[in-house]
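A quick write-up on the structure given underneath.
In the working numbering, the protein residues as written are 131 to 262.
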């Protein structure tokens, strides 16, 4: 894609940076500030945990819990809290079928064996930790 085609699709506020990237400019205005990097990192982290919550069909009022669990390393206490929450979600999915990721994990078989509750807990914990 040519420089002009890229710039034609680039939002106005990003054009100086796009120009610099395409043309190889090293203008200091093209390098993001620490504040911009921090904001971008925060946005990515928030979007990641939002995607996890949506995939698991977590009620939106509980998203702050998942955001807190994903914000740092999962301590033993935080992991216990998350596992308890997942246990409740599993029990709920067993009572009423849904079409979310957790329901699919409950129904999943690997080599003819269903996943155990511990397998599902580990999978959810990995998703939450990976969203940080």
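Even for Gly, the Cβ is constructed at its ideal location relative to N, Cα and C.
Quantities reported herein were computed from a predicted structural model and do not represent experimental measurements.
Contact belief for residue i with residue j at Cβ below 8 Å, rounded distance in angstroms
i           : j           : result
residue 186 : residue 222 : About 11 Å separates the two Cβ atoms, so there is no contact after all.
residue 220 : residue 247 : 6 Å
residue 259 : residue 195 : Actually they are not in contact, since the Cβ atoms of residue 259 and residue 195 sit about 14 Å apart, beyond 8 Å.
Local conformation of residue i per DSSP, three classes
i           : result
residue 240 : strand
residue 189 : coil
residue 222 : helix
Per-residue burial, residue i [other beta carbons within 10 Å of its own, 16 or more giving buried]
i           : result
residue 214 : exposed
residue 183 : buried
residue 232 : buried
residue 251 : buried
residue 212 : buried
residue 218 : exposed
residue 208 : buried
residue 261 : buried
Range covered by the alpha helix (DSSP H) that runs through residue i
i           : result
residue 203 : First-last for residue 203: undefined, no H or E at that position.
residue 230 : Per DSSP, residue 230 belongs to no alpha helix (DSSP H) and is neither H nor E.
residue 255 : 247-260
Cβ-heavy atom distance, residue i to the ligand GDP, below 7 Å
i           : result
residue 229 : Absence of the ligand GDP is noted for the structure shown, with no ligands found whatsoever.
Handout entry: At least three beta-carbon pairs within less than 8 Å, the region 244-260 to the region 196-210
Key = Taking 8 Å as the limit for Cβ pairs, the verdict is that the region 196-210 does touch the region 244-260.
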